[in-house]
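A.B. asks: According to this note's numbering, the sequence shown is numbered sequentially starting from 5. Backbone N, C-alpha and C define an ideal beta-carbon position, used for all residues, glycine too.
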Amino acid sequence: MLRKDKVCIMQKALNFNCLRRQKMRKLFNILFIIFLLSGTLLFAADKMKVETPKIDLDANAGSHPYGGTTDDLFDAQFAWLIEDGGSEAGVETDGNYVYTTKYDGPVFRRYAMNGAFIEEFSITGCPGSIRDLAYDGQYFYGSATSTTVYQMDFDNETLISTITAPITVRGIAYDAMNDGFWANNWSDQITLFDRNGNTLDSFACGTYGSFYGFAWENILNGGPYLWGYAQDGPGNNQLVQFDIATGMETGVTFDVASYFTFGLGPAGGLLISDAFIEGKVTICGLSQSAYIWGLEFADYSVPFNSPGLPTDVVVTAAVGGVLEAAIEWTCPDIQAGGDPLNDLDEMRVYRDEELIYTDFSPTIGGDGSYTDTGVPGADNYAYKIVGVNSNGEGIPAIIYAWVGEDVPGAVTDLILTDISGDELIAQLDWTNPTAGYHGGYYTGLIGYNIERSDGETFNITGSTTTWQDDSIVDPGLYIYTVTPYNASGSGPSTNSLQVGIGYSVTQVGVGEVGNYHIPMDLYMMDSMVEVIYLQEWLDAFMVISAVSFHANTVSTMADACNFEVWLGETAEDDLSAGWIDGTNMIQVFDGTLNIPPGDNWVAIELDENFVYENNGNLVMMIIRDDDQYYSPSDLWWCTDSGTPFRTRFNYNDNPGAQHFDAITGPFGGWDHTIYPDVRFYYSSDASAQAPGASTDVTFTADAGGALETEINWICPTMNSGGNTLTELLEMRVYRDDELIYTDTNPIIGDPGTHLDISVPFSGNYEYSVVGYNSFGIGIPVEGMIWVGEDVPNVVENLLLTGQAGAGYLTWDNPITGLHGGPFNEPIAGYHLERSDGEIIEISGVVTEYIDDTIPVGDYYSYTVTPYNSVGDGPPVTSNSAMLGAGDEIFFDDFESGLVNWNSLINSGNGEWLIYTPPFPNSYNMPPSSSGNILAADTDLGGPNANIDCTINLITPLDLTVYTTVELRFDNDFNALNSSDYCYVDVTNDGGVTWNNVLTFSGVDVTATNEIVDITEYAAGETNVNIRFNSVQPGWHWWWAIDNVGIYGIGEVLLTPPSNVQIDEYLGLLTWEEPTISRAERQTQKNSNRELLGYNVYLDGELEGNTSDLEWQYTDLVNGEEYVAGVQAVYDEGTSDIVELDFTYAGVDAGIILPLITELRGNYPNPFNPITTISFSLVEAGNVSINIYNMRGQLVKTLVNAELENAYHEVSWNGKDNNGKNTASGVYFYTMRTQNYNSTKKMIMMK
């Protein structure tokens, strides 16, 4: 459709020059032709857009002197007086005509492009009263302040279709980049929606409200922008620019009314077009019933002799979602000014303003093409094709195309349904999109993001058409937003209708009468209304959570009004006795309310539920407070009761303060027979007539640990509302929310019982007992109980101490189960976790453990977790102790004060003092330090401070049993200069001689764990003392210490046998196993050494080795004196020999015979490679002695023969039955006779 030529005319109201140049006319005819043709260029299923070049905004924007005549932004171009129309509001152009709407009738007006009125017309199916217009290059769009947007063909004067918008629409503009519409209603959120009514974007109005018209443009650099035409108070018509990318005002504004000083009406529609004056872009608006005005918006800077617009431009995305696009065009053959083109140097292709291709040899009027294989990702891209010659870049063609796999379209047919039963459940059903949102390649969706109106979000993966939400906690009015997505991103969102979930709804009123006073007056600033709804009109019992009123309004509220709702029960049948004040009611809502225009039920979710017990009539008071007032056409649907004083109402205009109060009024006003139609949303499952709580409820687990629970109760006698219960259909028992028992014949007030024998395994279970009747589930009684054998409770009195570097743990085992359940299963073991992460497993029941695997000296703790066959008990963590450094001989963390130390002031005025957090200075201690510290701090002494002070132990230490001794402490030494120093000394002679072991001088040493070897002066000594001395001669800093410990490693003590005795008559030596005291353990680096056996001596000579606790000497001579001896043999060596002198008083040795058959042992043990095995026979017989390895394999047979009654010995040389040498290791030797069998262990060590 070609634009008609325009002529210069003189307007009646204003004379403005319309400068025309033929070349510019040609240029913009071409631009407009291409713009119209863009609607026919297809990319997949999407529409292409061809745009005009970007232009810089004039520097004077926003500060232009009104009435100026320079060639700047907002210079006046025309103002056409509307003579015969009246009520005209919206304005738009298709380049052929200017069209206006009438806000009070079904009429459109057609004007020539010079402002001359042509005709009026109407469109069948469009109700009229359209406020603003938008144009997409083919059709016009507008709305009569409702959610219905009409798509109209003005050439043929027909209605094409309608769009259901997500908001009420007044001002509207077409967005060519998104193929959607920007709209709002006065001060509502400015919203972008697509042709399916799905919301794409939105932002707030900002500083200005009351927008009537919008215009979208992508002409100015930095765009696209949205322009709004706002009524900013009486006589102020503001143009406001929004940056769509940020949703914020840019600060560019213009007061149209102040410029056109002859006076304008209220703001109306808005458009931006290049169709009025060649070479210029015009921003044009309609001042309602007054003027159609035009201001200069921009002019084009394309040189006349540069290339014109490329034609036949097509962008085709690669199939299958591949990230490629093929661009084809026909090179221009005319100049931008319209003359034939004879100079074309380049054709350039841009993607989103990035130059991606240059053809350096184009042909004028010839074809060009390029395949873009560098598309970074699936998205909507702007491809710009432009010719270049010596005069610069020409007119570009810009085409938007989706490349790559498309995001999903919107879900449709979205239906929200309440399917609540015993639980609150909402169900959503929808139809999935079958095409991509932008018409690109589309393979389907992979999930949905769903948002509930209370802010809860859900991610649903996979494709489905139905979904249930069972996570609703409270009944309420809910809206769900469903957004499908795939790998390319999210599609548009679809909102459900608002539905009450978990509510029943009762409606009172049938919409007979429209009234603008009741239930609230929008024509006045303040109103108060009270109404009585009769008991017979309502459901028997209601816990009311929300109410809604039926509005039929035309105005849009610029701001939400303050609003209160009060409810109560009353014996009054009407209000003839006067108002019922708020002292007899409950305020259930105090907030704000925004009432959208149109025929709507306006829902109000109450702040507090109201329990209507059906003991009387329901009284409601509604108070509105607002500084806004609207139209008497803003009505509410009401019903006539035919009864006087059904309603009382009062109203007033009182700006700035609330006029009406529920308690104090002022009351008075008027009465009416009508009442406002209302819907009450209430919870049926919370009925006060459901059963109350059962009494005497007990849950008892089997004491023997069986998986059984006995539940007992007394059936309820009261209902949930506290009244007498009249119906009880069932008693239900639940275990962990699973119904496990139902008594279908309960009797009110009678006892009930159930034995639960279906418990699956030992554990903690929550039981509940609840009654049920026709009003719903009653009040449950719940209890938590452990059923089955219990896990162990926590170990108690857990203590960690150091023993020669090892960690020694002791504890008391629990005697009860963790959860109070039966505890018959013994402890099977313990999980130990050392603080460095090392895991240790202990089997069996113990009360102590020694960990000799400490890797490095440090502070450690242990977490001990007992367990049995049921499971783990609770963990408990020990104290921390220094391990890996030897026994803890001394330790002080200064939590008990300075009780272990002498404090001396050598000179100056400072001393060592204990400081408690928060500290007076910024001490930098290592992480091991906590709680109190000890510091010599000269900084706290002020300018005259001077410290030379010492601490030393009050009680010296006896370190006789230690061979290695270390001093450890946490340290922070902070020096100011070289005169500051500190040191540690050790003495072992009562302080006569002090030996220096550590010195810090002049340099900070902070946050360290100091380790000092003091073995040279302390090990083996009986009178050891240490001292810390700090010298800081001036107002300097400090020395702070903590966790002072002395640790030692003692000599290895191999304890000998105990209670050694000799029978002088039999020559029998006996003894007991070595005993190791705790004190001895604490001086030994490993108390887990293995006792292998005993060596027996006679007169200093080795007699043999045995693992028994006795030895029979042989060949003794009566009356001779002997020395008997025995020593313990360990895997780390042998103990001292315990010796006894004795005189043998028995018979001659030659006739001594064994009293028992016995495998006596071997000597030496360990051996290399020969050892001798001793044994005795009480009677003659066959004897075998065999040697076996650790795997139980026979190695050597030493004896297999008949032997006499006597003492015997046999040697083994370390060879096997084949004569081969055996390896080092543990071996077992076995002696067998007819009546005797014994095995002992020996170790070969080569």
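Looking at the structure shown, is Leu944 part of a helix, part of a strand, or coil, going by DSSP?
C.D. replies: Here residue 944 refers to the residue found at position 940 of the sequence shown. If DSSP states are grouped into helix, strand and coil, Leu944 belongs with the helices.
A.B. asks: Let me check one thing: in DSSP terms, what residues is Ala810 bridge-paired to?
C.D. replies: Along the sequence shown, read from residue 1 onward, the residue named residue 810 stands at position 806. BP columns for Ala810 point to Gln807.
A.B. asks: If I measure Cβ to Cβ from Arg972 and keep anything under 6 Å in the same chain, skipping five residues before and after, which residues do I get?
C.D. replies: Looking up residue 972 in the sequence shown gives position 968. Once the five neighbours on either side are set aside, the close Cβ partners of Arg972 are Ile1015, Gly1049.
A.B. asks: Any heavy atom of the ligand NAP closer than 6 Å to the beta-carbon of Pro670?
C.D. replies: No copy of the ligand NAP occurs in the structure displayed, which carries no ligand at all.
A.B. asks: For Gln539, does the three-state DSSP call read helix, strand or coil?
C.D. replies: On the sequence shown, position 535 is the one that residue 539 refers to. Three-state DSSP puts Gln539 in a helix.
A.B. asks: Tell me where the alpha helix (DSSP H) around Tyr263 begins and ends.
C.D. replies: Counting from one through the sequence shown, the residue named residue 263 turns up at place 259. Unbroken alpha helix (DSSP H) run through Tyr263: 260-263.
A.B. asks: Assess, as a yes-or-no matter, whether the stretch 416-426 is touched by the stretch 503-516 under the definition of 3 or more beta carbon pairs within less than 8 Å.
C.D. replies: yes
A.B. asks: Tell me where the alpha helix (DSSP H) around Tyr1117 begins and ends.
C.D. replies: Stepping through the sequence shown from its first residue, residue 1117 is reached at position 1113. Unbroken run through Tyr1117: none, as it is neither H nor E.
A.B. asks: Please classify Thr997: does DSSP put it in a helix, a strand, or coil?
C.D. replies: As a first step, residue 997 must be located in the sequence shown, where it is residue number 993. Coil at Thr997, not helix or strand.
A.B. asks: Which residue's Cα is closest to the Cα of Arg736: Tyr507, Leu729, Asp760?
C.D. replies: If you number the sequence shown from 1, residue 736 lands on position 732. Nearest of Tyr507, Leu729, Asp760 to Arg736, Cα basis: Asp760.
A.B. asks: What residues in its chain sit with their C-beta under 6 Å from that of Phe32, if we drop five residues either side in the sequence?
C.D. replies: The sequence position of residue 32 within the sequence shown is 28, counting from 1. Model confidence at Phe32 stands at a pLDDT of 34, short of 50, so the residue's coordinates are unreliable and nothing is read from them.
A.B. asks: Just checking my contact of Gly210 with Glu253 at CB under 8 Å: how many whole Å lie between their CB atoms?
C.D. replies: By one-based count along the sequence shown, residue 210 stands at place 206. By one-based count along the sequence shown, residue 253 stands at place 249. Gly210 to Glu253, Cβ: 5 Å. Contact.
A.B. asks: Return the CA-CA distance between Pro1037 and Glu845, expressed in angstroms with no decimal places.
C.D. replies: Locating residue 1037 in the sequence shown gives position 1033, counting from the first residue. Locating residue 845 in the sequence shown gives position 841, counting from the first residue. C-alpha separation (whole angstroms): 56 Å.
A.B. asks: Please classify Val323: does DSSP put it in a helix, a strand, or coil?
C.D. replies: Taking the first residue of the sequence shown as position 1, residue 323 is located at position 319. Looking at Val323 - three-state DSSP - the assignment turns out to be helix.
A.B. asks: How should Ile1018 be labelled, buried or exposed, when 16 other C-beta atoms within 10 angstroms of its C-beta is the threshold for buried?
C.D. replies: Against the sequence shown, residue 1018 aligns to sequence position 1014. Label assigned to Ile1018: buried.
A.B. asks: What does DSSP give as the partner residue(s) for Gly396 in the beta ladder?
C.D. replies: Translated into the one-based positions of the sequence shown, residue 396 becomes position 392. Paired residue(s): Asn393.
A.B. asks: Does DSSP put Ala93 in a helix, a strand or coil?
C.D. replies: The residue you call residue 93 lines up with position 89 of the sequence shown. Three-state result, Ala93: strand.
A.B. asks: Shortest alpha-carbon distance to Ile399 belongs to which of Tyr385, Val773, Cys335?
C.D. replies: Your numbering for residue 399 matches position 395 in the sequence shown. Residue Cys335 is the option with its Cα nearest to Ile399.
A.B. asks: Which one or two residues does DSSP pair with Asn1013 in a beta bridge?
C.D. replies: As a working mapping, residue 1013 is identified with position 1009 in the sequence shown. Answer is Asp974, bridged to Asn1013.
A.B. asks: Under 8 Å: do the stretch 1232-1243 and the stretch 1165-1183 share three or more Cβ pairs, one atom per stretch?
C.D. replies: yes
A.B. asks: Would you call Thr172 buried or exposed, if buried means 16 or more other Cβ atoms sit within 10 Å of its Cβ?
C.D. replies: Mapped onto the sequence shown, residue 172 falls at position 168. Thr172 is buried by the Cβ-count criterion.
A.B. asks: Are the C-beta of Leu290 and some C-beta of chain D separated by less than 7 Å?
C.D. replies: Absence of chain D from the displayed structure is noted, only one protein chain being present.
A.B. asks: Would you call the stretch 953-962 and the stretch 911-926 touching, i.e. three or more CB-CB distances under 8 Å?
C.D. replies: Yes: the two stretches touch, three or more of their Cβ pairs being nearer than 8 Å.
A.B. asks: Can you name the start and end residues of the alpha helix (DSSP H) that Tyr1021 belongs to?
C.D. replies: If you number the sequence shown from 1, residue 1021 lands on position 1017. Run containing Tyr1021: 1019-1022, per the alpha helix (DSSP H) assignment.
A.B. asks: With which residues is Met1246 paired in a DSSP beta bridge?
C.D. replies: As a first step, residue 1246 is located in the sequence shown; it is residue number 1242 there, counting from the start. Partner(s): Tyr1231.
A.B. asks: By the 10 Å Cβ neighbour count, where 16 or more other Cβ atoms means buried, how is Thr151 classified, buried or exposed?
C.D. replies: On the sequence shown, position 147 is the one that residue 151 refers to. That one is buried.
A.B. asks: To the nearest angstrom, how far is it from the Cα of Val868 to the Cα of Tyr834?
C.D. replies: As a position in the sequence shown, residue 868 is number 864, starting the count at 1. As a position in the sequence shown, residue 834 is number 830, starting the count at 1. If you take the alpha carbons of Val868 and Tyr834, they lie about 7 Å apart.
A.B. asks: How long is the line joining the alpha carbons of Met528 and Ser559, rounded to whole angstroms?
C.D. replies: Translated into the one-based positions of the sequence shown, residue 528 becomes position 524. Translated into the one-based positions of the sequence shown, residue 559 becomes position 555. Approximately 13 Å between the Cα atoms of the pair.
A.B. asks: For my contact list, Gly848 and Ala889 are in at a C-beta cut-off of 8 Å; report their separation, rounded to the angstrom.
C.D. replies: Here the question's residue 848 lines up with position 844 in the sequence shown. Here the question's residue 889 lines up with position 885 in the sequence shown. About 30 Å separates the two Cβ atoms, so there is no contact after all.
A.B. asks: Closest to Thr857 by CA distance: which of Asp840, Tyr871, Ser873 is it?
C.D. replies: The sequence position of residue 857 within the sequence shown is 853, counting from 1. Out of Asp840, Tyr871, Ser873, Asp840 has the C-alpha closest to the C-alpha of Thr857.
A.B. asks: Can you tell me the Cβ-Cβ gap for Asn384 and Gly341, rounded? I've got them flagged as a contact below 8 Å.
C.D. replies: Within the sequence shown, residue 384 is the residue found at index 380, counting from 1. Within the sequence shown, residue 341 is the residue found at index 337, counting from 1. Not confirmed; about 33 Å, so no contact.
A.B. asks: When burial is assigned at 16 or more other CB atoms within 10 Å of the CB, is Gln472 buried or exposed?
C.D. replies: Residue mapping note: residue 472 aligns to position 468 of the sequence shown, counting from 1. Under this definition Gln472 is an exposed residue.
A.B. asks: Tell me the DSSP bridge mates of Trp916?
C.D. replies: Locating residue 916 in the sequence shown gives position 912, counting from the first residue. Its beta-bridge partners do not exist; DSSP assigns none.
A.B. asks: I need the straight-line Cα distance from Glu576 to Met589, nearest angstrom please.
C.D. replies: Position 572 of the sequence shown holds residue 576. Position 585 of the sequence shown holds residue 589. Their backbone Cα atoms lie some 13 Å apart in a straight line.
A.B. asks: For Tyr374, which residues in the same chain have their Cβ closer than 7 Å to its Cβ, ignoring the five residues on either side in sequence?
C.D. replies: Within the sequence shown, residue 374 is the residue found at index 370, counting from 1. Annotation for Tyr374: Ile331, Val353, Tyr361 place their beta carbon closer than 7 Å to its own, counting only its chain and skipping 5 residues before and after.
A.B. asks: With three or more beta-carbon pairs closer than 8 Å as the criterion, would you say the stretch 459-475 touches the stretch 163-171?
C.D. replies: no
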